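K.L.:
Per this note's numbering, the sequence shown starts with residue 13, numbered consecutively.
After the structure tokens below, expect a handful of questions from me.
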Amino acid sequence: LVEGRKKGRWWGRARSGKLVFFDGSSDCLGQLVEIEVEKTSPWALQGNIAMNRTD
């Protein structure tokens, strides 16, 4: 769930409650978005919005 934007990056929370920071140009506030995690730390995850995939 996207909760806000700070310093040019969107942030929200994963199902586990962990903070997730990601880049995105469109207004995502209040939406559920799928993130491709690229970096982890003890307190947060960082990544980008996942593109639609065709499996």
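In this text, a Cβ means the ideal position worked out from N, Cα and C, and glycines have one as well.
If you're wondering where the values come from, they're calculated on a predicted model, not measured in any experiment.
1. Can you name, in chain order, every residue of its own chain whose Cβ lies under 6 Å from the Cβ of Val49, other than the five neighbours on each side?
2. What's the C-alpha gap between Trp55 and Lys30?
3. Exposed or buried, Gly16, counting other C-beta atoms within 10 Å across all chains shown (16 or more means buried)?
4. In chain order, what residues of the same chain lie with their CB nearer than 8 Å to the CB of Trp23, ignoring the 5 residues before and after it?
5. Quick check on DSSP: helix, strand or coil for Trp23?
P.N.:
The answer reads as follows:
1. Answer for Val49: Leu57 and Gly59, listed in chain order.
2. Taking the straight line from one Cα to the other gives about 7 Å.
3. Exposed, since its Cβ has fewer than 16 Cβ neighbours within 10 Å.
4. Excluding positions up to five away in sequence, the list reads Val14, Glu15, Gly16, Arg17, Leu31, Val32, Phe33 and Phe34.
5. Here Trp23 sits in strand by DSSP.
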